[in-house]
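Engineer:
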Amino acid sequence: RDDEIARAQTFGDLAALAFRKIHLLEESERRREEIERVTESRARLIRGFSHDLKNPLGAADGHAALLEDGILGELEPRQMNSVGRIRASISSALGLINDLVELARAEAGQIEIQTAPTDVREVVHVIAGEYQAQAEAAGLTMRTEFPEEFPVVESDPSRVRQILGNLISNAVKYNHESGEVAVRVGVRERNGARAGRWIAVDVADTGPGIPRDKQHLLFREFSRLEPGTKHGAGLGLAISQKLAHALGGEITLQSEEGQGSTFTLWLPGPQEQ
Ligand SMILES: Nc1ncnc2c1ncn2[C@@H]1O[C@H](COP(=O)(O)OP(=O)(O)OP(=O)(O)O)[C@@H](O)[C@H]1O
Ligand SMILES: [Mg+2]
């Protein structure tokens, strides 16, 4: 009898545990749905809002362009300069709006990825070329390193380009005078949870570096280490990390204060696909 009572008790305990577990599962499912709903409605809000903002900004830029082209009469150099600044401000506002839309999409898991056979060296070559002039204007040297033999992988070249554009623009922006930006492409072996052969693109700078305890903050949206010193919204890395994840990879960071920073974009290597 004692035996039976003990067994009945154990059974009762197990049943109670099972019920509790089901309850918790239901709760977490409800919470997940709630988060999804909020993220989705935020994405919709941002999309609608940006659309409504883009129209008047586009119209303003159109008028500024008319002034700049002298269609409404010749401008004096000072007026011309002012119109130039108006257009630059409009363009940075438009850039910010696009970033916000992109981020909202990424959060709602709506990033469009169009894969194609991709030679990452080619992408790096093009994007580094685009930033060459900007680097030179800032007194920096830009260097690229490619191996001669390199695998073609399935990826989205325009997304890779977008990510590297963000990393290179940071390396140019957060650098010392007569510093250097080095972009290195290679195939690298990784251990641990992400063991295997990966495509790695390093974007290394000779800037101020990032203290270890701040490094994890950078990939959050709107996070900036020294707001006010440079232009920026603090969205570039947040978006880039989400894009990298959507490509099956990630961005990692190696940096010491005062020693420059190296951001690495990892993309799945040929045998991972
Ligand atoms: N290479 C770097 N060296 C030092 N600090 C950096 C570097 N890259 C990023 N940071 C720091 O991380 C912050 C976030 O970078 P992120 O690219 O997300 O935003 P941003 O450059 O400020 O603005 P945005 O890219 O949206 O125009 C920067 O404000 C800067 O403080
Ligand atoms: Mg940036």
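Read left to right, the sequence shown gives residues -17 to 255 (our numbering). Every residue gets a Cβ at the ideal spot worked out from N, C-alpha and C, and that includes glycine.
Please classify arginine 103 as buried or exposed, where buried requires at least 16 other C-beta atoms within 10 Å of its C-beta.
Structural biologist: Taking the sequence shown and counting its residues from 1, the one referred to as residue 103 is at position 121. Of the other Cβ atoms in all chains shown, 16 or more fall within 10 Å of the Cβ of arginine 103; this residue is therefore buried.
Engineer: Listed by chain order, which residues have C-beta atoms less than 6 angstroms from any heavy atom of ligand 2?
Structural biologist: Asn148, Ser151, Asn152, Gly214, Gly218
Engineer: The alpha helix (DSSP H) with serine 73 in it runs from where to where?
Structural biologist: For the purposes of this step, residue 73 is taken as residue 91 along the sequence shown, with counting starting at 1. Its alpha helix (DSSP H) spans residues 59 to 89.
Engineer: Could you check the C-alpha separation between asparagine 148 and glutamate 9 for me, to the nearest Å?
Structural biologist: As a first step, residue 148 must be located in the sequence shown, where it is residue number 166. As a first step, residue 9 must be located in the sequence shown, where it is residue number 27. The straight-line gap from Cα to Cα measures roughly 39 angstroms.
Engineer: Would you identify the three-state DSSP class for alanine 117, choosing helix, strand or coil?
Structural biologist: Reading the sequence shown from its first residue, position 135 is the one you call residue 117. Residue state, collapsed to three classes: helix.
Engineer: Look at the Cβ atom of leucine 48, then the Cβ atom of leucine 54, and state whether they are nearer than 8 angstroms.
Structural biologist: Position 66 of the sequence shown, counted from the start, is the residue given in the question as residue 48. Position 72 of the sequence shown, counted from the start, is the residue given in the question as residue 54. Yes, Cβ-Cβ distance for leucine 48 and leucine 54 is below 8 angstroms.
Engineer: Below 8 angstroms CB to CB, which residues in the same chain sit around valine 105 once its five sequence neighbours on both sides are set aside?
Structural biologist: For the purposes of this step, residue 105 is taken as residue 123 along the sequence shown, with counting starting at 1. So the qualifying residues of the chain are Pro139, Val142, Arg143, Leu146.
Engineer: When the Cα atoms are used, what is the spatial distance from arginine 206 to alanine 228?
Structural biologist: Taking the sequence shown and counting its residues from 1, one reaches residue 206 at position 224. Taking the sequence shown and counting its residues from 1, one reaches residue 228 at position 246. Their backbone Cα atoms lie some 24 angstroms apart in a straight line.
Engineer: Quick check on the DSSP output: the alpha helix (DSSP H) that includes glycine 7 runs from which residue to which?
Structural biologist: Here residue 7 corresponds to residue number 25 of the sequence shown, with the count starting at 1. The sequence given here places leucine at residue 7; glycine does not occur at that position. Taken as a continuous stretch (DSSP letters only), the alpha helix (DSSP H) holding leucine 7 covers -16 to 50.
Engineer: Determine the burial state of threonine 123: buried for a count of at least 16 other Cβ atoms within 10 Å of its Cβ, exposed for fewer.
Structural biologist: The sequence position of residue 123 within the sequence shown is 141, counting from 1. Threonine 123 comes out exposed.
Engineer: Kindly indicate which three-state DSSP category leucine 149 falls into: helix, strand or coil?
Structural biologist: Counting from one through the sequence shown, the residue named residue 149 turns up at place 167. It is helical.
Engineer: Spatial neighbours of methionine 62 within its chain, please: C-beta separation below 8 angstroms, excluding the five flanking residues on both sides.
Structural biologist: Counting from one through the sequence shown, the residue named residue 62 turns up at place 80. Closer than 8 angstroms at the Cβ level, and outside the excluded window around methionine 62, lie Glu50.
Engineer: State the Cα-Cα distance for the pair phenylalanine 245 and glycine 191, rounded to the nearest angstrom.
Structural biologist: The residue labelled residue 245 in the question sits at position 263 within the sequence shown. The residue labelled residue 191 in the question sits at position 209 within the sequence shown. Taking C-alpha positions only, phenylalanine 245 is separated from glycine 191 by approximately 11 angstroms.
Engineer: When DSSP builds the beta bridges, which residues end up paired with glycine 178?
Structural biologist: Start at 1 with the first residue of the sequence shown, and residue 178 comes out as number 196. DSSP lists Arg172 as partners of glycine 178.
Engineer: Count the other C-beta atoms from every protein chain shown that fall within 10 angstroms of the C-beta of alanine 117, then say buried if there are 16 or more, exposed otherwise.
Structural biologist: Taking the sequence shown and counting its residues from 1, one reaches residue 117 at position 135. Alanine 117 comes out buried.
Engineer: Under 7 angstroms: does the beta carbon of proline 190 sit that close to some heavy atom of ligand 1?
Structural biologist: As a position in the sequence shown, residue 190 is number 208, starting the count at 1. True, at least one ligand heavy atom lies under 7 angstroms from that Cβ.
Engineer: I need the straight-line Cα distance from alanine 70 to isoleucine 93, nearest angstrom please.
Structural biologist: Against the sequence shown, residue 70 aligns to sequence position 88. Against the sequence shown, residue 93 aligns to sequence position 111. Alanine 70 and isoleucine 93: Cα-Cα distance of roughly 28 angstroms.
Engineer: Looking only at DSSP bridge pairs, what is lysine 155 linked to?
Structural biologist: On the sequence shown, position 173 is the one that residue 155 refers to. BP columns for lysine 155 are empty, so no partner.
Engineer: If we count the other Cβ atoms within 10 Å of its Cβ and call it buried at 16 or more, is glycine 121 buried or exposed?
Structural biologist: For the purposes of this step, residue 121 is identified with residue 139 of the sequence shown, where counting begins at 1. Exposed: under 16 other Cβ atoms inside 10 Å.
Engineer: Using alpha carbons as the reference points, say which of Ser73, Glu89, Gly251 lies closest to glycine 230.
Structural biologist: Position 248 of the sequence shown, counting from 1, holds the residue named residue 230. Among Ser73, Glu89, Gly251, the Cα nearest to that of glycine 230 is on Gly251.
Engineer: Within 10 angstroms of the Cβ of isoleucine 233, are there 16 or more other Cβ atoms? Answer buried if so, exposed if not.
Structural biologist: Locating residue 233 in the sequence shown gives position 251, counting from the first residue. Around the beta carbon of isoleucine 233, a 10 Å sphere encloses 16 or more other beta carbons of the protein chains shown; the residue is thus reported as buried.
Engineer: Considering only residues of the same chain and omitting the five flanking positions on each side of glutamine 255, which have a CB-CB separation below 7 angstroms?
Structural biologist: To locate residue 255, count along the sequence shown from 1; it is residue 273. Note that glutamine 255 scores a pLDDT of 47, beneath 50, so its modelled location is shaky and nothing firm can be said.
Engineer: Could you pull the start and end residues of the beta strand (DSSP E) that leucine 249 belongs to?
Structural biologist: In the sequence shown, counting from the first residue as 1, residue 249 sits at position 267. Residues 243 to 250.
Engineer: Based on DSSP bridge pairs, tell me the residues matched to aspartate 184.
Structural biologist: To locate residue 184, count along the sequence shown from 1; it is residue 202. Looking at the DSSP assignment, aspartate 184 forms a beta bridge with Arg166, Thr246.
Engineer: Taking the alpha-carbon positions, what's the threonine 21 to glutamate 89 distance?
Structural biologist: One-based indexing of the sequence shown puts residue 21 at position 39. One-based indexing of the sequence shown puts residue 89 at position 107. If you take the alpha carbons of threonine 21 and glutamate 89, they lie about 7 angstroms apart.
Engineer: Is leucine 76 near ligand 1, judged by its Cβ being under 7 angstroms from some heavy atom?
Structural biologist: For the purposes of this step, residue 76 is taken as the residue at position 94 of the sequence shown. Result no, Cβ not under 7 angstroms from ligand 1.
Engineer: My guess is that alanine 153 and valine 163 are in contact by the Cβ rule of under 8 angstroms, so how many angstroms apart are they, rounded?
Structural biologist: Position 171 of the sequence shown, counted from the start, is the residue given in the question as residue 153. Position 181 of the sequence shown, counted from the start, is the residue given in the question as residue 163. Here alanine 153 really is in contact with valine 163; their C-beta atoms are around 4 angstroms apart, less than 8 angstroms.
Engineer: Where do the N-terminal and C-terminal ends of the beta strand (DSSP E) with alanine 220 fall, by residue?
Structural biologist: On the sequence shown, residue 220 is found 238 positions in, with the first residue counted as 1. Run containing alanine 220: none in the beta strand (DSSP E); it sits in the alpha helix (DSSP H), 218 to 228.
Engineer: Whose CA, out of Lys3, Leu76, Gly242, Asp81, lies closest to the CA of aspartate 258?
Structural biologist: Lying before the first or after the last residue shown, residue 258 is absent from the chain, which here runs from -17 to 255.
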